[in-house]
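Below is one structure; the comments refer to it alone.
2 protein chains.
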Amino acid sequence: MDLALLYSGGKDSSLAALVLDRFYDVELVTAHFGITDDWQHAQQAADALGFPFDTHELDRTVAEEAVETMRVDGYPRNGIQRVHEHALESVSGRDVDAVADGSRRDDRVPSVSRAFAQSLEDRHGVDYLSPLAGFGRSAVDRLVAAELNVETGPSEQIDKADYEGELRALLAEEHGQSAVGEVFPEHEQTYVLGLAE
Amino acid sequence: MDLALLYSGGKDSSLAALVLDRFYDVELVTAHFGITDDWQHAQQAADALGFPFDTHELDRTVAEEAVETMRVDGYPRNGIQRVHEHALESVSGRDVDAVADGSRRDDRVPSVSRAFAQSLEDRHGVDYLSPLAGFGRSAVDRLVAAELNVETGPSEQIDKADYEGELRALLAEEHGQSAVGEVFPEHEQTYVLGLAE
């Protein structure tokens with residue numbers, strides 16, 4: 009069965025790939041808006057893990073609306089959530105049996121409700137899987153330490169390909185660099201270099 | 009890392025074992041009240057899947073309270089939920105790094121809330137995993153068809169070792185066979201014979 013996993017090159021979506029690998033023909037798919045080339049970092053991580061990789065272009069108007077939402081809110085949560093739901097909708101249109109993401113039990117955002125998941129499945133005729141939905145923060149940390157070789161640092165220094173990079177770039181382009189600091193809190197990011205040795 | 013998975017011999021907990029197998033030293037543990045010998049069916053399924061197996065005895069007063077709750081309610085949901093929470097609490101006292109169950113995204117019961125999961129982890133110093141929490145009904149059905157050799161039939165004819173069998177027996181013992189039909193709706197059960205060929 010063919011499965012497209014939304015992939016950022018980070019530890020969560022990489023661990024999700026390892027969970028699903030036994031059951032599906034997993035393709036790692038980085039959804040992007042064509043704003044930056046950050047998807048290349050995800051491709052490197054996918055290569056290092058030995059999974060096939062593809063990109064999937066999203067609707068740029070969704071990014072623009074998300075950036076406006078985040079600027080008005082003063083925090084990124086609702087904008088990121090909107091982009092993630094759009095990405096799931098869009099990737100579900102691919103010729104696959106199932107789609108998946110790396111969302112975890114203890115994430116506040118993005119969160120995919122059971123109602124959204126069932127609606128996505130019904131409308132697109134795919135299965136939606138969030139293989140880490142039953143894994144807490146501590147379990148994920150231990151499994152990442154055991155399974156993956158990772159690099160950790162502040163968001164602006166780590167090469168990843170989640171939506172945040174492109175939304176930061178768009179925010180800076182439209183409202184100046186200072187707007188980025190007003191919306192995005194400092195936080196740690198993790199990039200996957202490969203499997204643990 | 010050692011993990012104890014609450015195991016009934018059914019398809020959900022068997023599939024959960026396959027998901028976790030890559031990451032943990034999984035032991036399949038059937039929690040029971042010493043009311044019936046149904047745990048032997050789970051042991052046969054565990055042997056067929058090639059996993060180590062153990063039983064874990066629960067507090068019989070919890071079964072008695074659950075049966076009273078179910079009889080008063082006229083349906084089994086709250087009683088089963090109470091027994092499942094007791095089983096997770098009790099199994100978390102074992103010498104393991106993690107505990108898990110086969111609860112699925114689309115199950116109404118048992119359901120383990122994030123708050124309960126985090127409390128269990130904090131109090132017992134274990135990770136709690138529900139590896140099928142992000143798998144919907146259709147995904148589980150397709151994966152079971154691909155991975156497992158199963159037998160399906162009405163609850164009273166299928167040899168399983170979930171709590172239902174013992175709670176039915178206790179209900180019949182205390183309130184007569186007619187009470188069982190008043191509490192438990194007819195539904196299909198599945199028993200695992202082994203891996204798919």
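These protein sequence lines are chains A and B, in that order.
The first sequence begins at 9 in our numbering and counts up by one.
The second sequence begins at 9 in our numbering and counts up by one.
Glycine is no exception: its CB is placed at the ideal position from the N, C-alpha and C atoms.
Check, Outcome
"Closer than 8 Å by beta-carbon distance: list the chain B residues that pair up with PRO118 of chain A, in chain order.", "Near PRO118 of chain A there are no residues of chain B at all, since even the closest Cβ is about 13 Å away, more than 8 Å."
"Mind listing the chain A neighbours of ARG30 of chain B? Cutoff is C-beta to C-beta under 9 Å, in chain order.", "LEU26, VAL27, ASP29, ARG30 and GLU155"
"Strictly by DSSP, which residues pair up with ALA108 of chain A?", "A:LEU13 and A:LEU137"
"Mind checking ALA204 of chain A: buried by the 16 CB within 10 Å criterion, or exposed?", "exposed"
"Taking Cβ to Cβ, would you say VAL27 of chain A is nearer than 8 Å to VAL27 of chain B?", "yes"
"Considering ASP33 of chain B, what are the terminal residues of the beta strand (DSSP E) in which it resides?", "33-40"
"Are any of the Cβ atoms in chain B nearer than 8 Å to that of TYR15 of chain A?", "no"
"List the residues of chain A that GLU129 of chain B touches, going by C-beta distances under 8 Å, in chain order.", "GLY144 and SER146"
"Report the residue from B:THR77, B:SER16 and B:ASN157 whose alpha carbon sits nearest the alpha carbon of ASP170 of chain B.", "B:SER16"
"Please state whether DSSP places GLU129 of chain B in a helix, a strand or coil.", "helix"
"Near GLU155 of chain B, which residues of its chain fall below 8 Å by C-beta distance, leaving aside the five closest residues on each side in sequence?", "LEU23, LEU26, LEU203 and ALA204"
"Under 8 Å: do the region 103-114 of chain B and the region 140-148 of chain B share three or more Cβ pairs, one atom per stretch?", "yes"
"Apart from the five residues on each side of it in sequence, which residues of its chain come closer than 6 Å, Cβ to Cβ, to ASP33 of chain B?", "ASP10"
"Roughly how many whole angstroms lie between the Cα atoms of PRO84 of chain B and ASP67 of chain A?", "47 Å"
"Identify, in the order they occur along the chain, each residue of the same chain with its Cβ nearer than 8 Å to the Cβ of GLN89 of chain A, setting aside the five sequence neighbours on each side.", "VAL117, PRO118 and SER119"
"May I have the straight-line CA-CA distance separating LEU179 of chain B from VAL37 of chain B, to the nearest angstrom?", "24 Å"
"Just the Cα atoms here: how many angstroms apart are LEU96 of chain B and HIS49 of chain A?", "41 Å"
"Less than 8 Å between the beta carbons of ALA39 of chain B and LEU14 of chain B, yes or no?", "yes"
"Using the Cα positions of SER127 of chain B and GLU182 of chain A, report the straight-line distance between them to the nearest angstrom.", "44 Å"
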